[in-house]
Amino acid sequence: MAASEKRKPERMTGADAVVRSLEELGTEIVFGLPGGAVLPLYDALFRAEKLRHVLVRHEQGAGHAAEGYAVASGKVGVCIATSGPGATNLVTPIADAYLDSVPMVAITGQVGSPLLGTDAFQEADIRGITMPITKHNVMVTKAEDIPRAIASAFHIASTGRPGPVLVDIPKDVQNAEIEFNWPPKVDLPGYKPNTKPHNRQIAQAAKMISKAERPVLYIGGGVVKANAHKQLAEFVEATGVPVVTTLMALGAFPQSHPLYLGMPGMHGTVPAVGAFQESDLLIAIGARFDDRVTGDTDTFAPHAKIIHADIDPAEVGKIRAVDVPIVGDAKRVLSELTDHFAGKGAEKGAEKGKVKAPSIDPWIARLQDLKERFPRGYEPHTDGTLAPQFVLETLSKVAGPETIYVSGVGQHQMWSAQFIDYEEPRHWINSGGAGTMGFSIPAAMGAKAAMPDAEVWAIDGDGCFQMTNQEITTAALEGFPIKVALINNGNLGMVRQWQTLFYEGNYSHTKLGGEVYVPDFVKLSEALGAVSFRVTSADDVETAIQRAREINDRPVVVEFVVGEDAQVWPMIAAGTSNSDIEYARGMRPFFGEEESAAETPEAINETIASLEQEEN
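As structure tokens, then:
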């Protein structure tokens with residue numbers, strides 16, 4: 000029977016219709032926690048034949064697990080919660096998915112229809128609450144509308160610019176009996192994402208690229224969402240244009256490629272930031288000119304014309320005026336741009352209707368010089384404490400680029416972005432736009448559920464870990480043997496760094512631990528169902544990672560106790576110019592036509608000496 004053929008109607012409850020709809024849409028796993036208003040749905044899940052349910056310990060964990068599943072697999076992630084506090088506990092992951100364009104469907108129970116608006120027990124207007132942070136949301140008021148509502152939710156979540164969709168279903172609607180018909184008719188007259196870019200704008204962009212002297216590709220997470228990494232590689236091969244990938248796009252282009260410059264922005268690489276500041280043409284694909292990338296927008300890429308391609312027309316020109324706006328799917332945009340080029344080294348007119356690749360050898364030489372003079376690195380700790388950068392550098396070397404790395408938020412997130420090598424998309428999962436602490440553990444569990452044969456490492460800080468570590472128990476009981484690199488510096492590290500740099504070292508309420516291990520993360524992790532051990536010496540780091548990799552029947556938590564004063568560099572202070580990037584405290588490169596006397600060894604030593612004198 001063809002998928003589009005109508006099947007004979009079956010009699011069932013609205014709750015059974017939810018389960019059947021999810022199964023018909025190819026859903027294999029859902030993450031959730033039962034409660035009164037969603038009990039009919041859980042009764043139906045008890046009878047489900049194809050659908051696996053994972054019982055989380057907190058609804059926030061369900062939402063982040065659905066996100067991790069979605070990003071790792073490219074499919075729609077599904078989470079379930081009851082009404083009231085169950086639904087509101089999903090608000091954070093829904094907001095996270097909205098900002099990071101993650102395809103997710105949240106299904107919530109609601110009080111019975113007669114009780115709506117009466118302040119009934121565990122009633123909350125979750126539709127109203129999530130209106131600003133969902134791509135779409137709906138309350139189903141008739142049970143016969145359930146199949147269409149679920150099918151529409153999946154379609155909206157996964158097409159165009161992906162995002163979260165919420166379906167709220169009152170308890171009486173779940174209990175009502177209907178004739179289940181599949182497939183439903185999905186008619187969304189107001190929703191027509193434009194995936195095909197306009198030919199004229201593509202041609203304009205190609206000509207502009209061909210004439211550019213200092214072009215650079217600004218690649219955002221939209222390229223990953225569109226599965227456009229192969230098309231990106233083909234475009235770079237045809238044009239020779241260097242590549243910068245944002246935090247959300249790490250892995251969209253191989254970091255081992257000679258034309259790769261790194262990550263831009265607040266903690267980006269000097270070559271990536273320098274490329275933007277000196278560029279005469281910025282080719283932004285699937286990126287949204289986030290403030291963490293641009294800094295002061297008035298001084299961001301001051302000499303560059305802008306080509307901005309995005310599937311969401313609201314993003315094009317939102318932050319920066321655009322010379323060539325392109326609305327379309329990143330895969331099609333890159334493919335059609337590539338078709339306009341004769342290829343590197345081809346003579347003009349060698350192929351009819353094609354343009355030459357830009358002649359940019361001096362530009363490539365300049366960027367190569369920046370890469371050689373400002374490689375990634377860090378200062379070893381002189382007090383004998385373990386350097387977190389060394390831990391992550393070693394993890395990358397031992398576990399390799401085939402591993403899926405899922406990060407929490409803070410210093411460990413930035414070190415993970417800087418010191419782990421990413422060669423393929425969907426091997427780096429993190430919370431970008433919302434910056435959600437507590438993301439890592441449940442998201443890693445979701446990624447492992449999506450890719451059971453992959454090695455999955457959650458990289459977490461001691462602050463993040465204390466927010467959602469209960470999902471270690473879920474992972475242990477449900478058979479998701481994730482591995483956790485817990486970077487413990489005893490503080491809210493990124494906040495402490497800002498307090499060091501901008502608040503005169505006033506460490507207001509950022510110290511989490513004491514002189515002893517509180518909590519004892521090894522004992523806590525073991526109590527939650529994991530194998531756990533502690534590392535305090537650089538000599539033991541590689542051995543500990545290898546030991547963790549050999550344990551695959553339960554979660555493993557490796558606590559790395561690191562120095563509390565380690566900081567993330569390079570850094571651009573919030574709201575300042577990208578040209579003011581410091582690659583170490585008090586030291587910065589110069590971009591553009593400024594000649595740098597400050598980059599000589601003598602000048603660097605003088606700067607270090609003056610800083611030490613100030614601190615003493």
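Just so it is clear: in the sequence shown, position 408 is 407 by numbering that gives the first Met the number 0, and no numbers are missing. Note that beta-carbon positions come from the ideal geometry of N, C-alpha and C, so glycine has one too.
In terms of residues, what are the limits of the alpha helix (DSSP H) holding residue 413? The sequence position of residue 413 within the sequence shown is 414, counting from 1. Residue 413 -> alpha helix (DSSP H) spans 410-418.
Here's the rule I'm using: 16 or more other beta-carbon atoms within 10 Å means buried, otherwise exposed. How should residue 593 be labelled? For the purposes of this step, residue 593 is taken as the residue at position 594 of the sequence shown. Residue placement at residue 593 is poorly supported in this model, since its pLDDT is 48, which falls under 50; the coordinates still yield a value, given next. Residue 593 comes out exposed.
Continuous beta strand (DSSP E) stretch holding residue 136: start and end: The sequence position of residue 136 within the sequence shown is 137, counting from 1. 135-138 is the extent of the beta strand (DSSP E) around residue 136.
Does DSSP classify residue 450 as helix, strand or coil? The residue given as residue 450 occupies position 451 in the sequence shown. In the structure shown, residue 450 sits in coil (DSSP, three-state: anything other than H, G, I, E or B).
Applying the criterion that 16 or more other CB atoms from any shown protein chain within 10 Å of the CB defines a buried residue, is residue 551 buried or exposed? In the sequence shown, the residue the question calls residue 551 occupies position 552. The residue in question, residue 551, is exposed, as its Cβ has fewer than 16 Cβ neighbours within 10 Å.
Assign residue 410 to one of two classes, buried (16 or more other C-beta atoms within 10 Å of its C-beta) or exposed (fewer than that). As a working mapping, residue 410 is identified with position 411 in the sequence shown. Under this definition residue 410 is a buried residue.
Proximity to residue 133 [Cα-Cα], best of 388, 92, 575 and 354: Along the sequence shown, read from residue 1 onward, the residue named residue 133 stands at position 134. If we check each option's Cα against that of residue 133, 92 comes out closest.
Which one of 252, 8, 209 and 160 has the shortest CA to CA distance from residue 98? Sequence index remark: in the sequence shown, residue 98 carries index 99 (1-based). Comparing Cα-Cα distances from residue 98 to each of 252, 8, 209 and 160, the minimum goes to 160.
Status (buried if at least 16 other CB within 10 Å, exposed otherwise) for residue 502: What you label residue 502 is simply residue 503 of the sequence shown in a count that begins at 1. Flag for residue 502 reads exposed.
Would you mind sorting residue 374 into buried or exposed? The rule is 16 or more other CB atoms within 10 Å of its CB. If you number the sequence shown from 1, residue 374 lands on position 375. That one is exposed.
Going along the chain, which unbroken runs of the beta strand (DSSP E) with 3 or more residues stay wholly within the region 121-185? 135-138, 163-169 and 176-179
Mind reading off the beta-carbon distance from residue 43 to residue 108? Whole number of angstroms is fine, and I expect it under 8 Å. Here the question's residue 43 lines up with position 44 in the sequence shown. Here the question's residue 108 lines up with position 109 in the sequence shown. Wrong, their Cβ atoms sit about 12 Å apart, outside the cutoff.
Please tell me whether residue 366 and residue 441 are closer than 8 Å, where the distance is taken between their beta carbons. By one-based count along the sequence shown, residue 366 stands at place 367. By one-based count along the sequence shown, residue 441 stands at place 442. Cβ atoms of residue 366 and residue 441: not closer than 8 Å.
Between residue 621 and the rest of its own chain, which residues show a CB-CB distance below 6 Å, the 5 nearest in sequence each way excluded? Past the edges of the chain, shown from 0 to 615, lies residue 621, and the structure says nothing about it.
From residue 114 to residue 120, what distance separates their C-alpha atoms? Numbered from 1 along the sequence shown, position 115 holds the residue referred to as residue 114. Numbered from 1 along the sequence shown, position 121 holds the residue referred to as residue 120. Each residue's alpha carbon lies about 9 Å from the other.
Closer than 7 Å by C-beta to residue 535: which residues in its own chain qualify, once you throw out the five before and the five after it? Chain order, please. Locating residue 535 in the sequence shown gives position 536, counting from the first residue. Counting only Cβ-Cβ distances below 7 Å, and skipping sequence neighbours, we find 385 and 560.
Cβ separation of residue 439 and residue 406, assumed to be a contact under 8 Å, to the nearest whole Å: Counted from its first residue, the sequence shown places residue 439 at position 440. Counted from its first residue, the sequence shown places residue 406 at position 407. That belief holds up - the Cβ atoms of residue 439 and residue 406 are roughly 6 Å apart, short of 8 Å.
Have a look at residue 88 and residue 106 and give me their C-alpha separation to the nearest angstrom. Along the sequence shown, read from residue 1 onward, the residue named residue 88 stands at position 89. Along the sequence shown, read from residue 1 onward, the residue named residue 106 stands at position 107. So the two alpha carbons sit approximately 13 Å from each other.
What's the C-alpha gap between residue 130 and residue 136? By one-based count along the sequence shown, residue 130 stands at place 131. By one-based count along the sequence shown, residue 136 stands at place 137. In a straight line, the C-alpha of residue 130 is about 7 Å away from that of residue 136.
Return helix, strand or coil for residue 197, following the three-state DSSP convention. As a working mapping, residue 197 is identified with position 198 in the sequence shown. Coil, per DSSP.
Tell me, please, whether the region 483-491 touches the region 553-570 by the rule of three or more beta-carbon pairs shorter than 8 Å. yes
Taking 6 Å as the limit between beta carbons, can you name the residues of its chain near residue 14, skipping five residues before and five after? Residue 14 sits at position 15 when you count from the first residue of the sequence shown. Taken in chain order, the residues that qualify are 39, 40, 43 and 173.
Decide if the region 212-228 is in contact with the region 238-256; the criterion is three or more beta carbon pairs, one per stretch, under 8 Å apart. yes
Tell me whether residue 577 sits in a helix, a strand or coil according to DSSP, three-state version. The sequence position of residue 577 within the sequence shown is 578, counting from 1. Three-state result, residue 577: helix.
Below 8 Å between beta carbons: does that hold for residue 314 and residue 179? As a first step, residue 314 is located in the sequence shown; it is residue number 315 there, counting from the start. As a first step, residue 179 is located in the sequence shown; it is residue number 180 there, counting from the start. No. Outside cutoff.
Measure the C-alpha to C-alpha separation of residue 476 and residue 432 and round it to an integer number of angstroms. Translated into positions along the sequence shown, residue 476 becomes position 477. Translated into positions along the sequence shown, residue 432 becomes position 433. Here the alpha carbons of residue 432 and residue 476 stand approximately 31 Å from one another.
Helix, strand or coil for residue 254? Go by DSSP, reduced to three states. Counting from one through the sequence shown, the residue named residue 254 turns up at place 255. If DSSP states are grouped into helix, strand and coil, residue 254 belongs with coil.
For residue 415 and residue 391, believed in contact at Cβ under 8 Å, the rounded distance: Mapped onto the sequence shown, residue 391 falls at position 392. Mapped onto the sequence shown, residue 415 falls at position 416. Right, their Cβ atoms sit about 6 Å apart.
To the nearest angstrom, how far is it from the Cα of residue 319 to the Cα of residue 46? Residue 319 sits at position 320 when you count from the first residue of the sequence shown. Residue 46 sits at position 47 when you count from the first residue of the sequence shown. Each residue's alpha carbon lies about 53 Å from the other.
Using the beta-carbon count (16 or more within 10 Å), is residue 59 buried or exposed? Counting from 1 along the sequence shown, the entry for residue 59 is found at position 60. So residue 59 ends up on the buried side.
Less than 8 Å between CB atoms is the rule here; does residue 578 satisfy it with respect to chain B? The structure shown contains no chain B; it holds only a single protein chain.
Other residues of its chain near residue 464: CB distance less than 6 Å, five sequence neighbours each side excluded: Taking the first residue of the sequence shown as position 1, residue 464 is located at position 465. Contacts found: 485.
Return the residue from the list 194, 508 and 357 that minimises the CA-CA distance to residue 492. Here residue 492 refers to the residue found at position 493 when the sequence shown is read from its first residue. The shortest C-alpha separation from residue 492 is found at 508.
With 16 as the cutoff for other CB atoms within 10 Å, does residue 371 come out buried or exposed? Translated into positions along the sequence shown, residue 371 becomes position 372. Label assigned to residue 371: exposed.
Alpha-carbon to alpha-carbon, residue 217 and residue 164: Taking the sequence shown and counting its residues from 1, one reaches residue 164 at position 165. Taking the sequence shown and counting its residues from 1, one reaches residue 217 at position 218. Cα to Cα, the separation comes out at about 29 Å.
What did DSSP end up calling residue 510 once you bin it into helix, strand or coil? Within the sequence shown, residue 510 is the residue found at index 511, counting from 1. Shown here, residue 510 sits in a strand according to DSSP, grouped into three states.
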